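In this note's numbering, the protein residues as written are 687 to 1031.
Below is the structure:
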């Protein structure tokens, strides 16, 4: 299911997946990217390069076009992110980029190193046209058709990512689906709730974040997950418009005032009614953060408008380089320290 080559145009969006000449498989992160690079995180590593990365690996392996792949047991810890940076810096420095607007090094791939791209909505379209489908592929299509019919969301607003999108799944793989657009996500969320009540689906809850998000379920004894991707018209920021300066780690509780963009990655929560746990008490009230942003996908959609959450993250000063206006935000998932979080109360 190769869906793009470097000779074609591509606007990177969160949820896209791409391969590199070395055999790395990256997932695109977010929607703001330099003109010649794409921000991403490393998902799969060629087995023959596993020795370079000092991490614990899952026992399961994958295979893409004859290449054996492995995956870190913990993808999103600050320790592992720094280790990935160190390994790339020493062995593949082109994948390390010093962002001038955040003044720190991040994992990023040059567009020249992108070999193949897998876009979720295109992966679904390709699968639907595939003549010979295995049981998991059939289940995925049946599920999406059920959700589309029950919700009224067109099938063209759905997509597939994960191992099934790359055609390197096994019979034990989950169905990892996406829906495009905030409105569609809220409609799908409500529809799945109705289908759970009718017994056609069930929720799969392993922890309190699962209970808050209700994004994981079971269909015909197969686990599925669903997340949201912005439509092109919902991408509001451009790379290089904002300057971000870290101030200090903070912990506090606050009320969610707006959750309109909480289902995306990065997840954006507009907040107010702060209660201090530490550090934040030293900040003048007019400079209190009005936004909490999670770079960690598991904190998407964990709270709704009116909910109270506990937050631990990095307070940042944000300057709009066009208007020179300033604001404050707290970022969860900076990759610099552990235990940054958004916990619903």
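Here a beta-carbon is modelled for each residue, glycine too, at the ideal position from N, C-alpha and C.
From a predicted model like this one, the values you see are computed outputs, not experimental measurements.
For residue 1014, the enclosing beta strand (DSSP E) has its first and last residue at 1012–1018.
Beyond the five residues adjoining it in sequence on each side, residue 749 comes within less than 8 Å, by CB distance, of 755, 854 in the same chain, given in chain order. Counting C-beta pairs closer than 8 Å gives fewer than three between the region 816–833 and the region 714–734, which falls short of the contact rule. With a contact defined as Cβ atoms closer than 8 Å, residue 716 and residue 915 miss out at about 11 Å.
The residues 1004, in chain order, have a CB closer than 6 Å to that of residue 1013 in the same chain once the five nearest residues on each side in sequence are set aside. Its chain contains 861, 905, 906, 908 as the residues whose beta carbon lies nearer than 8 Å to that of residue 825, once the 5 sequence neighbours on both sides are disregarded; these appear in chain order.
Between the C-alpha atoms of residue 997 and residue 1016 there is a straight-line separation of about 9 Å.
The alpha carbon of residue 922 has as its nearest neighbour, out of 818, 757, 719, 706, the alpha carbon of 719. Out of 1031, 1024, 1029, the CA that lies nearest to the CA of residue 763 is found in 1024.
The C-beta separation of residue 933 from residue 954 comes to about 19 Å, leaving the pair out of contact by the 8 Å criterion. In this structure, the straight-line span from the alpha carbon of residue 812 to that of residue 941 is close to 43 Å.
Exposure of residue 816 is indicated by the presence of fewer than 16 other C-beta atoms within 10 angstroms of its C-beta.
In this structure, residue 802 sits away from residue 864, with a CB-CB distance that is not shorter than 8 Å.
DSSP places residue 794 outside any alpha helix (DSSP H); the residue lies instead in the beta strand (DSSP E), whose first and last residues are 790–796. By the C-beta density criterion, residue 951 is buried, having at least 16 other C-beta atoms within 10 angstroms. Annotation note: the region 854–892 contains the following uninterrupted alpha helix (DSSP H) runs of length 4 or greater, listed N- to C-terminal: 868–884. The C-beta of residue 876 has fewer than 16 other C-beta atoms within 10 Å across all chains shown, which makes the residue exposed. Checking the DSSP bridge columns, you'll see residue 761 has no partner listed. In this structure, the alpha-carbon of residue 706 lies about 8 Å from that of residue 712. By the neighbour-count criterion, in which 16 or more other beta carbons inside 10 Å mark a residue as buried, residue 898 falls on the buried side. The DSSP-derived three-state label of residue 931 is strand.
The Cβ neighbour count for residue 779, taken over all protein chains shown within 10 Å, is under 16; the residue is labelled exposed. Residues 918 of the same chain have their beta carbon placed closer than 8 Å to that of residue 697, with the five preceding and five following residues left out of the count. Sixteen is the threshold: since fewer than 16 other Cβ atoms of the shown chains lie within 10 Å of the Cβ of residue 751, the residue is exposed. In this structure, the straight-line span from the alpha carbon of residue 844 to that of residue 1018 is close to 28 Å. Looking at the backbone, the Cα of residue 770 and that of residue 870 are separated by about 35 Å.
Counting the other CB atoms within 10 Å of its CB gives residue 1009 a total below 16, which places it among the exposed residues. Residue 839 places its beta carbon less than 8 Å from that of residue 874. Exposure of residue 1031 is indicated by the presence of fewer than 16 other C-beta atoms within 10 angstroms of its C-beta. Counting of Cβ neighbours within 10 angstroms places residue 1027 among the buried residues, the total reaching 16 or more. Residue pairing by DSSP places residue 717 opposite no residue, since no beta bridge is assigned to it.
If you look at residue 902, you'll find it in the beta strand (DSSP E) that goes 902–905. Distance from the CA atom of residue 823 to the CA atom of residue 810, rounded to whole angstroms, is 10 Å. Excluding residues up to 5 positions away in sequence, 877, 880, 881 lie with their Cβ nearer than 8 Å to the Cβ of residue 836 in the same chain. Of the residues 985, 728, 931, the one whose Cα lies closest to the Cα of residue 786 is 931.
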